[in-house]
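S.K.: In the numbering used here, the protein residues as written are 82 to 254.
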Ligand code: HEM
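(1) Compute every distance between the C-beta of residue 204 and the non-hydrogen atoms of the ligand HEM, then say whether any falls below 7 Å.
(2) Answer yes or no: do residue 144 and residue 91 have a C-beta to C-beta separation smaller than 8 Å?
(3) Smallest Cα separation from residue 202: which of 96, 127, 229?
(4) Pairing CB atoms from the segment 111–121 with CB atoms from the segment 146–160, are three or more of them under 8 Å?
(5) Taking the straight line between their C-alpha atoms, what separation do you get for residue 205 and residue 232?
(6) Classify residue 212 as helix, strand or coil using the three-state DSSP reduction.
(7) Please return the same chain residues whose Cβ sits closer than 6 Å to the Cβ of residue 186, not counting the five positions on each side in sequence.
Below, the structure written as structure tokens:
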């Protein structure tokens, strides 16, 4: 029963995490950049009022925590013979890649998103365009986030592929 609940939490939250990150980086962010300063209210609404980064971070945390518990349970307490057996290796590889990807998102992308949120919030509250310094800050963060976004997307693709195919790895290894 525990494992069923953990699987529901793990796969449900994982589907949301991957879908949200893909939709944001491939559709929402490029659309906001294309619209330019007119998109500021939309971006602030998404980041501040709808709390998009916090919700995605929460879903990612649930996925990782439930995944770690599943890994501990299904490998008899992280027994290396089970972790690296071809019948379980896909879950171990996918899990490690997903945890690294989570770290990049939580420690690199989310703090930058918070800076964007605070800066745009100030601009909207004071009804003024960005100063040259603020413009440089926002431009720099946009470039850094796009680069990190590709790494996160790649990590999520690899982790999802490994998880989805893990039970068949023993047929080929
Ligand atoms: C991108 C993030 C992730 C996604 C989309 C994801 C998705 C999935 C899916 C769809 C399954 C079911 C596969 C099957 O039944 O054969 C699964 C199982 C599993 N996942 Fe993940 N996962 C992710 C991250 C993680 C992490 C971070 C860990 C642990 C460190 C983990 C550990 C496991 C384990 C141990 C199972 C097997 C559970 C069992 O045997 O009942 N996953 N995952």
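For glycine and all other residues, C-beta sits at the position ideal for the given N, C-alpha and C. Predicted model, so just to flag it, every value in this text is computed and none were measured.
M.R.: Well, looking at it:
(1) no
(2) yes
(3) 127
(4) no
(5) 31 Å
(6) coil
(7) 233
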